[in-house]
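Report on one structure; see the data block that follows.
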Amino acid sequence: MKSELKQQGQALLELLLAIEQQWTDAEQIQQAKESWFAMAPAQVEKTLTMNALARHVDSFYRDAFFTPPIKPLLIEEMHQPTLLSYAINQREADPLVLIVLLLCWLQQAGFQSDIVRYKGEYLVQVRLSKAEKVWIDPYTGAWQCLLSPENGLALSITQELATQPVDFPTFCAGLWQLQKQLLLALGKREQAMAVVQHLLDQKPGDPYLHRERGLLSELLDHWSLAISDYQYFVDQKPDDPSNDHMKQQIRQLASYPQWLH
Numbered sequence: 271m272k273s274e275l276k277q278q279g280q281a282l283l284e285l286l287l288a289i290e291q292q293w294t295d296a297e298q299i300q301q302a303k304e305s306w307f308a309m310a311p312a313q314v315e316k317t318l319t320m321n322a323l324a325r326h327v328d329s330f331y332r333d334a335f336f337t338p339p340i341k342p343l344l345i346e347e348m349h350q351p352t353l354l355s356y357a358i359n360q361r362e363a364d365p366l367v368l369i370v371l372l373l374c375w376l377q378q379a380g381f382q383s384d385i386v387r388y389k390g391e392y393l394v395q396v397r398l399s400k401a402e403k404v405w406i407d408p409y410t411g412a413w414q415c416l417l418s419p420e421n422g423l424a425l426s427i428t429q430e431l432a433t434q435p436v437d438f439p440t441f442c443a444g445l446w447q448l449q450k451q452l453l454l455a456l457g458k459r460e461q462a463m464a465v466v467q468h469l470l471d472q473k474p475g476d477p478y479l480h481r482e483r484g485l486l487s488e489l490l491d492h493w494s495l496a497i498s499d500y501q502y503f504v505d506q507k508p509d510d511p512s513n514d515h516m517k518q519q520i521r522q523l524a525s526y527p528q529w530l531h
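Quick look at the structure:
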């Protein structure tokens, strides 16, 4: 089922955890829900001031103690911090996950928050008013207050022009792709397949996701599905340089006994 990802705050977090449960232990997901409910903002701020924002940012990093991994991780250790559920339970999160958690945390407190990119870095942006917004570095919690270009500040105009809005569903798809790659590195092909299937549910008909599912299907000996996905890719992308290899794989897999899965 396609997830619109239009919710905010706790509702958004619960949706993301429900999606993650497709390839993550259900008990870990439930524990994360309970932990979040116990520590996240319990109510919306009546007055959305800079002081209130600073208090909630401080609470996220100092009281809840969310941090990126404190040491370089081996490949087998890198997967867990990319999961929202693990990050909530252990307070150790990949920087991309820190962004999502901080976004949900501030939205839950009532702040109008989204994600932007500035000079290649992801930032959480909070709009306190039409003339005032705050950028927060999710990696450190450092923040910067900006006045809008209407106030005639050259620095703000420069920053405004260099700022790129981030499409949240696309951001999440990138995070899920990272999770999938790390699952594959760990040899967890069934779970990686669940991620790819979810991505395909979000973007039906995408030929590259079909090819990706075909590759995983072949690894899992689901040859009929692999043939179907490879053929779909070849038909949709006839000029792709990988097509000769895809056609060769189709011929080879077609010669195998086709078991029902």
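Numbering of the sequence shown is given in this note's numbering, commencing with residue 271 and proceeding in unit increments.
Quick reminder that beta carbons are idealized off the backbone N, C-alpha and C, glycines included.
All values reported here derive from a predicted model rather than from experimental measurement.
Return the bridge partner residues of residue i from the DSSP annotation.
i: I385; result: V394
i: T433; result: Y388
i: L416; result: K403
i: E362; result: T337
Do you know how far the Cα of residue j is from the Cα of residue i?
i: A312; j: D333; result: 14 angstroms
i: L497; j: D510; result: For clarity, residue 497 is Ile in the given sequence; the question names Leu instead. So the alpha carbons of these two residues sit roughly 17 angstroms apart.
i: L470; j: F381; result: 32 angstroms
i: Q501; j: Q449; result: 26 angstroms
i: P508; j: E402; result: 50 angstroms
i: A379; j: E347; result: 32 angstroms
i: R387; j: E304; result: 31 angstroms
i: A424; j: P435; result: At A424, the pLDDT of 44 sits below 50, so the modelled position is not reliable; the number obtained from the coordinates is stated separately. So the alpha carbons of these two residues sit roughly 20 angstroms apart.
i: Y392; j: P365; result: 9 angstroms
i: Y409; j: F336; result: 10 angstroms
i: F441; j: L373; result: 13 angstroms
i: K458; j: L489; result: 11 angstroms
i: T294; j: I406; result: 29 angstroms
i: H349; j: M463; result: 15 angstroms
i: V394; j: T433; result: 12 angstroms
i: G422; j: V396; result: Confidence is the limiting factor: at G422 the pLDDT is only 48, short of 50, which leaves the residue's position unreliable and the question unanswerable from this model.
Can you look up residue i in the DSSP assignment and give me helix, strand or coil?
i: P477; result: helix
i: K458; result: coil
i: T211; result: This structure does not reach residue 211, given that the chain is present from 271 up to 531, and the question cannot be answered.
i: K403; result: strand
i: L486; result: helix
i: V314; result: coil
So, for residue i: in the same chain, excluding its five sequence neighbours on each side, which residues have a beta-carbon less than 8 angstroms away from its beta-carbon?
i: L479; result: V466, L469, L470 and K473
i: L287; result: I299, A302, K303, L354 and S355
i: G411; result: V327, D328, F330 and Y331
Please list, in chain order, all residues of the same chain as residue i whose beta carbon is under 6 angstroms from its beta carbon, the five residues on each side excluded.
i: G484; result: A496, D499 and Y500
Using a Cβ-Cβ cutoff of less than 7 angstroms, which residues in the same chain neighbour residue i once the five nearest sequence positions on both sides are dropped?
i: Q277; result: L285
i: W306; result: L283 and I358
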